[in-house]
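Undergrad: If you're matching positions, the sequence shown starts at 299 in my numbering and goes up one per residue.
For every residue, glycine included, the Cβ atom is placed at its ideal position computed from N, Cα and C.
Below are the structure tokens for one structure; questions will follow.
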Amino acid sequence: MDINNYVYSLLKKKDVILLNAYPGFGKSRIAVGLAKRWVDDGGRVLIMTRSKAEALQLCGFTKQFDIRDKTIILLGRESLCPFNASNAKQCLLYRLSGRCRVGKAAVPQPTLTCEPLELYNSGSCPYEVNEALAFQLPILISTHAYLSSPELYGRLMNIMGSWDKSLVIIDEFHNVIAGLETP
Numbered sequence: 299m300d301i302n303n304y305v306y307s308l309l310k311k312k313d314v315i316l317l318n319a320y321p322g323f324g325k326s327r328i329a330v331g332l333a334k335r336w337v338d339d340g341g342r343v344l345i346m347t348r349s350k351a352e353a354l355q356l357c358g359f360t361k362q363f364d365i366r367d368k369t370i371i372l373l374g375r376e377s378l379c380p381f382n383a384s385n386a387k388q389c390l391l392y393r394l395s396g397r398c399r400v401g402k403a404a405v406p407q408p409t410l411t412c413e414p415l416e417l418y419n420s421g422s423c424p425y426e427v428n429e430a431l432a433f434q435l436p437i438l439i440s441t442h443a444y445l446s447s448p449e450l451y452g453r454l455m456n457i458m459g460s461w462d463k464s465l466v467i468i469d470e471f472h473n474v475i476a477g478l479e480t481p
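Okay, structure coming up:
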């Protein structure tokens, strides 16, 4: 039995599993493999990691498992905007000034939600596309920041509130613990 099958079989029996291994072992790839299996069985998955860079890396792994079209990256506007707009007002000002060329309100098909620059180059706002698809696609990849901000946590709970069979995977969990210990 390979590691993905073994861990998935444990998920059927346990509510919480801690996978601890050395760096480079493949824990993040295992997480994406588990997400695929869970979604194939009718569930929805939230994968959380430490940073935008790691979230994008996880999105890259979704291509290997052929689930990129089922995945969105749920990050803040500033993280996905090529101009680092931090709010809707700033976003609108960039559009009105012509700096931002986003013109489409519709979600392009096929959607490459894990590649914000490609979304922008197709004329769509990466933040708006991912926000729109957050309620539709079965795999969300986000960062630990959604655990520390009441506003972000509320948005995440609003999305997950409609899920029947959910799985939460926290990659780099030791970073969450360190953040909780800081006053």
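1) What do you reckon, are the CB atoms on residue 401 and residue 421 nearer than 8 angstroms?
2) How about residue 360: is its Cβ closer than 7 angstroms to a heavy atom in the ligand FMN?
3) Beta carbon of residue 305, beta carbon of residue 436: below 8 angstroms?
4) From the DSSP output, in three-state form, read off residue 444 for me.
5) In the region 301-365, which residue ranges form an unbroken alpha helix (DSSP H) of at least 4 residues, counting only runs that do not cross its ends?
6) Count the other C-beta atoms from every protein chain shown that fall within 10 angstroms of the C-beta of residue 521, then say buried if there are 16 or more, exposed otherwise.
7) I'd like the span of the alpha helix (DSSP H) that includes residue 427, first residue to last.
8) When the cut-off is 8 angstroms and only beta carbons count, does residue 414 lie next to chain C?
TA: If we stick to the structure as given:
1) For the 8 angstroms CB-CB criterion, residue 401 and residue 421 form a contact.
2) Within the structure as shown, the ligand FMN is missing, as the structure has no ligands at all.
3) In this structure, residue 305 sits away from residue 436, with a CB-CB distance that is not shorter than 8 angstroms.
4) In the structure shown, residue 444 sits in a helix (DSSP, three-state: H, G or I).
5) Taking 4 residues as the shortest admissible run, the region 301-365 contains the following complete alpha helix (DSSP H) segments, listed from N- to C-terminal end: 301-309, 325-338, 350-362.
6) Residue 521 cannot be examined here, being either before or after the span of the chain that is shown, 299 to 481.
7) Counting along the chain, the alpha helix (DSSP H) containing residue 427 begins and ends at 424-431.
8) Structure shown: chain C not included; a single protein chain is present.
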